[in-house]
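Undergrad: Residue numbers for the sequence shown follow this note's numbering, beginning at 5 and rising by one.
Please find one structure pasted underneath; my questions will follow.
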Amino acid sequence: MTVNDRNEFDQPVGFPLLHWRAPESPARIPMQGRFCQLEPLNPQQHGFALYQSNQRDPDDRAWTYLPYGPFSDDTMYMEWLEQQAAAHDPLFFAIVDGSGQAVGLASYLRIDAAMGVIEVGHLKFSSALQRTPAATEAMYLMMQNVFNQGYRRYEWKCDALNLPSRRAAERLGFRFEGIFRQARIVKGRNRDTAWFSITDAEWPVLQAGFQRWLAPENFDEHGRQRHGLAELRHGCLDS
Numbered sequence: 005m006t007v008n009d010r011n012e013f014d015q016p017v018g019f020p021l022l023h024w025r026a027p028e029s030p031a032r033i034p035m036q037g038r039f040c041q042l043e044p045l046n047p048q049q050h051g052f053a054l055y056q057s058n059q060r061d062p063d064d065r066a067w068t069y070l071p072y073g074p075f076s077d078d079t080m081y082m083e084w085l086e087q088q089a090a091a092h093d094p095l096f097f098a099i100v101d102g103s104g105q106a107v108g109l110a111s112y113l114r115i116d117a118a119m120g121v122i123e124v125g126h127l128k129f130s131s132a133l134q135r136t137p138a139a140t141e142a143m144y145l146m147m148q149n150v151f152n153q154g155y156r157r158y159e160w161k162c163d164a165l166n167l168p169s170r171r172a173a174e175r176l177g178f179r180f181e182g183i184f185r186q187a188r189i190v191k192g193r194n195r196d197t198a199w200f201s202i203t204d205a206e207w208p209v210l211q212a213g214f215q216r217w218l219a220p221e222n223f224d225e226h227g228r229q230r231h232g233l234a235e236l237r238h239g240c241l242d243s
């Protein structure tokens, strides 16, 4: 729990940030892991593989809570990718698996370097990426990158009705902060937004848990995990 100070009027005030300095905005550079690599989105390099991986999904449910998609053809999808690749906020990355194929997208957004706050979002994982070590590692690499840069707060927001996204946030170590009611209109429907976050003070324990989970000895010969992420994270708290 945060311990606050008191000012000369005996009012509680936030703890001082004596040595903190505002970080830079995230750079458009690759992030390398053992199971995947995040590469700055390049439609010419990644577009066809991303479109094909989406086409292999059994249905379009992965697009339900996103404010765009599904796309009726590859031309429309490539045009959308070109628009996203040109932006700096959101800053998009392609998630490339061990075979070298782009199988998902993720981005940083609402980048407020002056306050040390940044969000992860626009997550579109194809069925080839979902529920794989690469999916978890991609989220770890993005977290590690911003906390290493000096960000203080990392946010995850989703439609409050999107239970898989909420469960994913909590599995990854985000803390639920509440519901912003009637926060947006998405595809002509109301969206209440669930907020989650991780702070820099929480990151060391989360990082240790991710490192234990991603370690080669945590996977059997068939690539199945031996211990869950939450279990290993709690072990870091106890150690």
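Glycine included, each C-beta is placed from N, C-alpha and C at the ideal position.
Contact between the region 14-28 and the region 93-104: three or more CB pairs below 8 Å?
TA: Because the criterion of three Cβ pairs below 8 Å is not met, the region 14-28 and the region 93-104 do not touch.
Undergrad: Can you name, in chain order, every residue of its own chain whose Cβ lies under 6 Å from the Cβ of A138, other than the five neighbours on each side?
TA: Reading the sequence shown from its first residue, position 134 is the one you call residue 138. If we look at A138 and ignore the five residues flanking it on each side, its Cβ neighbours are F39, C40, D101.
Undergrad: How big is the Cα-Cα spacing for P30 and Q88?
TA: Numbered from its first residue, the sequence shown carries residue 30 at position 26. Numbered from its first residue, the sequence shown carries residue 88 at position 84. When rounded, the distance between both Cα atoms is 16 Å.
Undergrad: Given a cut-off of 8 Å, decide if G104 and L133 are closer than it, judged by their beta-carbon atoms.
TA: In the sequence shown, the residue the question calls residue 133 occupies position 129. In the sequence shown, the residue the question calls residue 104 occupies position 100. No, these two residues do not count as a Cβ contact at 8 Å.
Undergrad: Let me check one thing: in DSSP terms, what residues is Q229 bridge-paired to?
TA: Along the sequence shown, read from residue 1 onward, the residue named residue 229 stands at position 225. In DSSP, Q229 forms a bridge with F223.
Undergrad: Based on DSSP bridge pairs, tell me the residues matched to T203.
TA: Taking the sequence shown and counting its residues from 1, one reaches residue 203 at position 199. R157.
Undergrad: Measure from the alpha carbon of Q59 to the alpha carbon of each residue in H238, P220, F129, then state which is nearest.
TA: Residue mapping note: residue 59 aligns to position 55 of the sequence shown, counting from 1. For Q59, the nearest C-alpha among the options comes from F129.
Undergrad: May I ask which residues mark the beginning and end of the beta strand (DSSP E) holding G125?
TA: Against the sequence shown, residue 125 aligns to sequence position 121. From DSSP, the beta strand (DSSP E) with G125 extends over 121-129.
Undergrad: For G177, is the classification buried or exposed, using 16 other Cβ atoms within 10 angstroms of its Cβ as the cut-off for buried?
TA: Taking the sequence shown and counting its residues from 1, the one referred to as residue 177 is at position 173. The residue is buried, with at least 16 neighbouring Cβ atoms inside 10 Å.
Undergrad: What first and last residue would you give for the beta strand (DSSP E) that runs through R179?
TA: Position 175 of the sequence shown, counting from 1, holds the residue named residue 179. 179-190 is the extent of the beta strand (DSSP E) around R179.
Undergrad: To which residues does DSSP link V17 through a beta bridge?
TA: Position 13 of the sequence shown, counting from 1, holds the residue named residue 17. Bridge partners of V17: D9.
Undergrad: Going by CA-CA distance only, name the one from E83, L210, E141 that's closest to L218.
TA: Counting from 1 along the sequence shown, the entry for residue 218 is found at position 214. Measuring from the Cα of L218, the nearest candidate turns out to be E141.
Undergrad: Enumerate in chain order the residues of its own chain whose CB-to-CB distance from P71 is below 6 Å, with the five nearest sequence positions on each side excluded.
TA: Locating residue 71 in the sequence shown gives position 67, counting from the first residue. Here the set comprises V190.
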